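Asks:
Residue numbers (this note's numbering): 11 to 97.
(1) Can you tell me whether residue 83 is helix, strand or coil according to DSSP?
(2) Excluding the 5 residues flanking residue 32 on each side, which residues of the same chain have their C-beta closer than 8 Å to its C-beta?
(3) Only counting the same chain, and skipping five residues up and downstream in sequence, which positions put a Cβ closer than 8 Å to that of residue 44?
(4) Among the residues of its own chain, which have a CB less than 7 Å from the CB of residue 37, if the five just before and after it don't count?
(5) Helix, strand or coil for residue 57? Go by DSSP, reduced to three states.
(6) By the 10 Å Cβ neighbour count, where 16 or more other Cβ atoms means buried, how is residue 77 classified, buried or exposed?
(7) Tell me whether the beta-carbon of residue 65 lies closer than 8 Å to the beta-carbon of residue 93.
(8) Could you compute how far the alpha carbon of residue 13 sits from the alpha carbon of residue 42?
See the structure below:
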């Protein structure tokens, strides 16, 4: 489900805020690293995000299958709304 423009702006600001906090944390936790090494470390950590999003999508598809086939007695209105229904 796509976000509205306002929702996208909120997500963008939050992502920017937490990336800045992570950069500050790396700088304070690893003062032995120079600026280039800190930037590389930040880049590596932020590169994990797309892989985690992909894993989340796969998990959601698996849960949708469980709900639709009622495996493990998963069928219910809440689990259907969360994993199957597209608003």
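All C-beta atoms in this analysis are idealised placements derived from N, C-alpha and C, irrespective of residue type, glycine included.
It should be emphasised that the depicted structure is a prediction, and the values quoted were computed from it without experimental measurement.
Replies: Let me lay it out:
(1) Position 73 of the chain shown, counted from the first residue, corresponds to residue 83. Helix at residue 83.
(2) Within the chain shown, residue 32 is the residue found at index 22, counting from 1. The residues are 52, 55 and 56.
(3) Reading the chain shown from its first residue, position 34 is the one you call residue 44. Nothing meets the Cβ criterion.
(4) One-based indexing of the chain shown puts residue 37 at position 27. Within the same chain, residue 37 has close Cβ partners 48.
(5) What you label residue 57 is simply residue 47 of the chain shown in a count that begins at 1. Looking at residue 57 - three-state DSSP - the assignment turns out to be coil, as it is neither helix nor strand.
(6) Stepping through the chain shown from its first residue, residue 77 is reached at position 67. Counting Cβ neighbours within 10 Å, residue 77 comes out buried, since at least 16 surround it.
(7) One-based indexing of the chain shown puts residue 65 at position 55. One-based indexing of the chain shown puts residue 93 at position 83. For residue 65 and residue 93, no; Cβs fall outside 8 Å.
(8) Along the chain shown, one-based indexing puts residue 13 at 3. Along the chain shown, one-based indexing puts residue 42 at 32. Answer to the nearest angstrom: the Cα atoms are 41 Å apart.
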